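The structure appears below as structure tokens.
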Amino acid sequence: MKEHPYKKSGLTVSQQDYHIARKRMVEVHLRGGGVRDERVLAAMGKVPRHLFVEEALREQAYGDYPLNIGEGQTISQPLMVAIMTEALQLAAGEKVLEVGTGSGYQTAILCELASEVYSIERIATLSHRARRILYDCGYIRFQLRIGDGSRGWPEAAPFDAIIVTAAGPALPPVLLKQLAEGGRLVMPIGTEDAQELRRVRRQQGKFPEETLGACRFVKLIGEYGWKGE
Ligand code: SAH
């Protein structure tokens with residue numbers, strides 16, 4: 001008798017389904033959406049995104065849209081995570097700061113691509129949940145902090161890359177200060193309803209900027225973001 005293909009891999013049927021859905025996400029939504037960096041594609045093909053969303057939403061985890069993660073916040077859509085990660089141009093051995101831990105999914109992707117990952121979240125319950133899931137997935141090279149990430153993490157600076165996963169009205173000058181020479185900051189800038197993704201590079205005392213396209217994120221709330229409700 002022929003062995004059942006799912007049994008062969010030692011995975012349960014549903015895990016196998018998630019695996020297939022994840023490969024499809026990478027090929028259809030990410031590669032199909034113009035993402036070319038093979039390291040980013042491999043990281044997103046590896047991290048189990050379905051574990052970072054609520055159980056009721058797991059089956060939707062590999063669709064190309066944002067999902068609610070509670071507290072009025074969202075896990076970004078896969079293509080946006082890939083575009084932002086690609087824009088960071090991370091090399092192995094680098095140190096990265098994330099502002100807006102949220103579900104911890106982007107944090108996991110960063111753990112796959114950098115050596116040291118720092119991430120700040122203002123909502124304690126989200127940070128605690130993210131920590132648990134990241135540990136469950138086997139990630140250990142990260143540090144989480146609860147607080148206002150718009151001010152950065154001065155004690156751990158300088159960073160080779162900074163990613164802000166919530167939108168602000170302007171680039172926070174303190175974050176630019178925490179970039180290493182040659183470091184990149186990627187952040188959505190605009191109004192509460194419409195933003196564009198910006199990349200800034202620290203280059204010999206200058207901060208040249210590029211615009212990478214339109215996007216829509218939840219609000220960065222803090223000293224260098226919007227005032228809290
Ligand atoms: N990277 C996350 C995206 C979460 S949405 C993921 O992969 O799931 C953005 C997050 O930024 C929200 O959780 C929100 O609470 C958080 N946030 C907003 N303003 C912040 C601030 N000033 N400091 C830290 N986190 C902030």
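Under my numbering, the first residue of the sequence shown is numbered 1, with each subsequent residue one higher.
Backbone N, C-alpha and C fix where the C-beta goes; we use that ideal spot for every residue, glycine too.
Every value quoted in this text rests on a predicted model; they were computed, and no experiment measured them.
CB contact flag (residue i, residue j, <9 Å)
i, j, result
"Ile163", "Leu185", "yes"
"Gln178", "Gly152", "yes"
"Ala170", "Leu197", "no"
"Leu90", "Ser119", "no"
"Val35", "Leu79", "yes"
"Arg122", "Gly104", "no"
"Ala70", "Thr165", "With the sequence shown as reference, residue 70 is identified as Gly, and Ala is not the correct amino acid for it. No."
"Val203", "Glu223", "In the sequence on display, residue 203 carries Gln and not Val. Not a contact, by the Cβ cut-off of 9 Å."
Proximity test, residue i beta-carbon vs the ligand SAH heavy atom, cut-off 8 Å
i, result
"Phe142", "no"
"Lys227", "no"
"Ser76", "yes"
"Tyr139", "no"
"Phe159", "no"
"Ile221", "yes"
"Arg122", "yes"
"Gly100", "yes"
"Leu126", "yes"
Separation of residue j from residue i, as counted between CA atoms
i, j, result
"Gln15", "Pro48", "10 Å"
"Tyr18", "Glu59", "8 Å"
"Leu97", "Val174", "13 Å"
"Asp193", "Arg216", "7 Å"
"Ile83", "Ala167", "15 Å"
"Gly45", "Lys206", "36 Å"
"Leu126", "Gly72", "11 Å"
"Ala43", "Ile109", "6 Å"
"Asp37", "Val28", "15 Å"
"Ile221", "Ile189", "13 Å"
"Asp130", "Trp226", "Checking the sequence shown, residue 130 turns out to be Ala, not Asp. Near 24 Å, if we compare the C-alpha coordinates of Trp226 and Ala130."
"Lys95", "Phe159", "5 Å"
"Ala61", "Cys111", "20 Å"
"Arg24", "Val81", "16 Å"
"Val26", "Pro154", "35 Å"
Contacting residues, own chain, Cβ-Cβ under 6 Å from residue i (five flanking each side not counted)
i, result
"Glu210", "Arg199"
"Gln77", "Asp64, Tyr65, Pro66"
"Pro5", "Its pLDDT being 48, under 50, Pro5 is placed unreliably in this model, and the coordinates cannot settle the point."
"Pro172", "Ser150, Tyr224"
"Gly228", "Ile221"
Chain-order list of residues whose beta-carbon lies under 8 Å from that of residue i (same chain, five-residue window excluded)
i, result
"Arg31", "Leu41"
Contacts around residue i, its chain only, beta-carbon distance under 7 Å, and the 5 residues preceding and following it disregarded
i, result
"Thr74", "Pro66, Leu67, Asn68, Val218"
"Arg39", "Leu113"
Along the chain, which unbroken stretches of the alpha helix (DSSP H) at least 4 residues long are found entirely within the stretch 1-68? With a minimum length of 4 residues, the continuous alpha helix (DSSP H) runs that stay inside the stretch 1-68 are 5-8, 13-24, 38-46.
Scan the stretch 70-129 and note each continuous beta strand (DSSP E) run of 3 residues or more that stays entirely inside, going in chain order. Here the runs fully enclosed are 73-75, 95-99, 116-121.
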